[in-house]
């Protein structure tokens, strides 16, 4: 069964450093998302991406965050200068069409120290 | 704004028994989608079941079924014949159908299955 894959599964980084989280969405999907889950809290929407541009973003997704689809398969989330409060599980997800069910990857656990 | 409320932070069920997890939501939309996702200790988010608001029939997936009460804005998940592998955090989620792709999640219910 097709699945969303994410790398790395866990990354520890120093505060102020740049981090890139990578995702390979399901191959025929057109909509891509990043969500995050701070430990013990609910899953929160960050951004959705379609046709090589951001279609929707939340208040959390400030100038420190960016997304990119550098080639036909990868979808990345970059955090320019990490803060302690960026420590969370970051989930990539994809869907075939707008409004379809979204399928999540296994998550990338980011720890900022 | 859309909000999703799960009022049961923790639930437990005896193996082979039935349990119901509650979810309510707030929206002014008439058409939308509702979901239940399961998050086991591995922390992956796994789709359990989905319901379209325009459908009156409650969705069913094997041992999982929902009780969708549109007027009451209630969307509960029933797990029948509970198995040890059902132990997980369960999240209710809402999505508008008209525009946007943002899912709104509840705070989750942690389900323990007692052997």
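Chains as they are written, first to last, in this note's numbering: chain A, 332 to 444; chain B, 6 to 120.
Beta carbons: idealized from backbone N, C-alpha and C, even for Gly.
Beta-carbon proximity of residue i to residue j, cut-off 8 Å
{"i": "residue 108 of chain B", "j": "residue 30 of chain B", "result": "no"}
{"i": "residue 32 of chain B", "j": "residue 111 of chain B", "result": "no"}
{"i": "residue 360 of chain A", "j": "residue 426 of chain A", "result": "yes"}
{"i": "residue 419 of chain A", "j": "residue 369 of chain A", "result": "yes"}
{"i": "residue 392 of chain A", "j": "residue 374 of chain A", "result": "no"}
Per-residue contacts from residue i into chain A (C-beta, under 8 Å)
{"i": "residue 47 of chain B", "result": "437"}
{"i": "residue 69 of chain B", "result": "Neighbours of residue 69 of chain B on chain A: none; closest Cβ ~15 Å, over 8 Å."}
{"i": "residue 112 of chain B", "result": "372, 373"}
{"i": "residue 96 of chain B", "result": "373, 374"}
{"i": "residue 40 of chain B", "result": "432"}
Residues that residue i contacts on chain B, provided the C-beta gap is smaller than 7 Å
{"i": "residue 429 of chain A", "result": "106"}
{"i": "residue 421 of chain A", "result": "Chain B residues near residue 421 of chain A: none, gap ~11 Å exceeds 7 Å."}
{"i": "residue 376 of chain A", "result": "107, 108"}
Inter-residue spacing [alpha-carbon to alpha-carbon] between residue i and residue j
{"i": "residue 64 of chain B", "j": "residue 381 of chain A", "result": "29 Å"}
{"i": "residue 106 of chain B", "j": "residue 428 of chain A", "result": "9 Å"}
{"i": "residue 85 of chain B", "j": "residue 54 of chain B", "result": "14 Å"}
{"i": "residue 402 of chain A", "j": "residue 78 of chain B", "result": "42 Å"}
Bridge-paired residues (DSSP) for residue i
{"i": "residue 43 of chain B", "result": "B:51, B:95"}
{"i": "residue 72 of chain B", "result": "B:81"}
{"i": "residue 378 of chain A", "result": "A:365, A:388"}
Contact list for residue i against chain B, beta-carbon separation under 8 Å
{"i": "residue 357 of chain A", "result": "Those within 8 Å of residue 357 of chain A in chain B number zero; the least Cβ separation is about 13 Å."}
Where residue i meets chain A, residues with beta-carbon distance less than 7 Å
{"i": "residue 80 of chain B", "result": "Chain A residues near residue 80 of chain B: none, gap ~15 Å exceeds 7 Å."}
Chain A contact residues for residue i, given Cβ-Cβ distances below 9 Å
{"i": "residue 52 of chain B", "result": "432, 433, 434, 435"}
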